[in-house]
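Enquirer:
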Amino acid sequence: MTSNRPYLLRAFFDWIVDNQCTPHLVVNAEFPNVTVPMQFVQDGQIVLNINPSAVAQFHMDNHEVSFNARFGGQPMRVVVPIGSVLAIYARENGEGTVFTPEDFSEYEAPAEVESQETPPEGDGNDEPPKKRGSHLKVVK
23 MTSNRPYLLR
33 AFFDWIVDNQ
43 CTPHLVVNAE
53 FPNVTVPMQF
63 VQDGQIVLNI
73 NPSAVAQFHM
83 DNHEVSFNAR
93 FGGQPMRVVV
103 PIGSVLAIYA
113 RENGEGTVFT
123 PEDFSEYEAP
133 AEVESQETPP
143 EGDGNDEPPK
153 KRGSHLKVVK
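The numbering used here puts the first residue of the sequence shown at 23, with every later residue one more than the last.
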């Protein structure tokens with residue numbers, strides 16, 4: 023079965039816009055193939071205003087969200103793979119949804135998370151392995 027993340031993302035986007043609110047994406051800027059203005063990244067995340075009046079050539083499909091926008095007056099093409107989206111919410115009231123790391127399908131998961139799951143044999147570590155990137159800090 024395919025991931026439900028792109029379907030939920032589109033539904034929340036439409037719902038937020040239909041209610042005359044401003045949709046914002048919280049993006050893991052360290053996810054592979056993300057293209058965002060790195061000067062605005064904080065703690066590995068960036069919040070993007072994806073209101074139709076704020077972006078041009080907006081496109082959302084089952085694999086990525088992409089659009090043109092200006093950051094500090096400079097035009098930029100932004101590309102956000104669906105797996106990098108951590109949350110979508112309305113700026114005005116915070117209504118939306120958060121995607122948990124468990125929602126990542128195998129093809130969406132960052133390689134570094136997968137590679138950190140099992141410690142090498144005989145390292146003396148009696149604690150279960152910890153996954154990196156398993157928490158979310160939503161910045162509004």
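C-beta: ideal position from N, C-alpha, C; glycine also.
When you compare the segment 79-91 with the segment 38-46, are there three or more beta-carbon pairs, one atom per stretch, that lie closer than 8 Å?
Expert: no
Enquirer: Hey, would you say residue 53 sits closer than 8 Å to residue 105, going by beta carbons?
Expert: yes
Enquirer: Taking the alpha helix (DSSP H) that residue 13 falls in, what are its first and last residues?
Expert: In the structure as shown, the chain begins at 23 and stops at 162. Residue 13 is therefore absent and cannot be evaluated.
Enquirer: Helix, strand or coil for residue 66? Go by DSSP, reduced to three states.
Expert: If DSSP states are grouped into helix, strand and coil, residue 66 belongs with coil.
Enquirer: In whole angstroms, give me the CA-to-CA distance for residue 113 and residue 72.
Expert: 11 Å
Enquirer: Using the Cβ count rule (16 or more neighbours within 10 Å means buried), how would you classify residue 29?
Expert: exposed
Enquirer: Under the three-state reduction of DSSP, which class applies to residue 106: helix, strand or coil?
Expert: In this structure, residue 106 counts as helix in the three-state DSSP scheme.
Enquirer: Between residue 67 and residue 49, is the Cβ-Cβ spacing less than 8 Å?
Expert: yes
Enquirer: Among 51, 63, 77 and 23, whose alpha-carbon lies nearest the alpha-carbon of residue 169?
Expert: Past the boundaries of the shown model lies residue 169; the chain is included only from 23 to 162, so the question cannot be answered.
Enquirer: In whole angstroms, what is the alpha-carbon distance linking residue 55 and residue 82?
Expert: 15 Å
Enquirer: At the level of alpha carbons, what is the spacing between residue 117 and residue 84?
Expert: 22 Å
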